[in-house]
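Student: Residues are numbered in this note's numbering as their position in the sequence shown, beginning at 1, plus a constant of 9. Sharing a structure with you now.
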Amino acid sequence: MSYLTLFTIGLVRFEVEDYEGAIARFTKTLEFLPNAKQVIVQEDITIDELYIYRGVAYSYKGELDQAIADYTII
10 MSYLTLFTIG LVRFEVEDYE GAIARFTKTL EFLPNAKQVI VQEDITIDEL
60 YIYRGVAYSY KGELDQAIAD YTII
């Protein structure tokens, strides 16, 4: 599965409020893209934005420490 597919599935999970599923897909996407400055070209999404999405999903789940950790990576 490509990083773009994982990212897209993560967005869908996020939109349907499946935050645990979104976090899992965003985490897998980050594993595909170890360089923090790479860009998901077709969607023009930066790694920083991916951390923001994951941080928001963590905060919606009430996992504020994890959310803060993602926000401070940026």
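No residue lacks a Cβ here, since even glycine has one placed at the ideal position from N, Cα and C.
Considering only residues of the same chain and omitting the five flanking positions on each side of Y80, which have a CB-CB separation below 6 Å?
Tutor: Translated into the one-based positions of the sequence shown, residue 80 becomes position 71. Taken in chain order, the residues that qualify are G64.
Student: Assuming Y6 and I82 are in contact, meaning their beta carbons sit under 8 Å apart, how far apart are those beta carbons, in whole angstroms?
Tutor: Past the edges of the chain, shown from 10 to 83, lies residue 6, and the structure says nothing about it.
Student: Determine the closest residue to V14 out of I77, Q75, A33, with distance taken between C-alpha atoms.
Tutor: If you number the sequence shown from 1, residue 14 lands on position 5. Reading the sequence as shown, one finds Thr at residue 14 and not Val. Out of I77, Q75, A33, A33 has the C-alpha closest to the C-alpha of T14.
Student: What's the call for L39, buried or exposed, on a 16-neighbour Cβ count within 10 Å?
Tutor: Within the sequence shown, the letter at position 30 stands for residue 39. Classification for L39: buried.
Student: If you follow the alpha helix (DSSP H) that V65 is part of, which residue opens it and which one closes it?
Tutor: Residue mapping note: residue 65 aligns to position 56 of the sequence shown, counting from 1. It spans 56-69 - the alpha helix (DSSP H) in which V65 sits, taken as one unbroken run.
Student: Cβ atoms of Y62 and F41: under 8 Å apart, would you say?
Tutor: Against the sequence shown, residue 41 aligns to sequence position 32. Against the sequence shown, residue 62 aligns to sequence position 53. Going by C-beta atoms, F41 is not nearer than 8 Å to Y62.
Student: State the DSSP-derived secondary structure class of A45, mapped to helix, strand or coil.
Tutor: What you label residue 45 is simply residue 36 of the sequence shown in a count that begins at 1. Low confidence applies to A45: its pLDDT is 46, below 50, so where it sits in the model is not reliable, and the reading given next is rough at best. DSSP places A45 in coil when its eight states are reduced to three.
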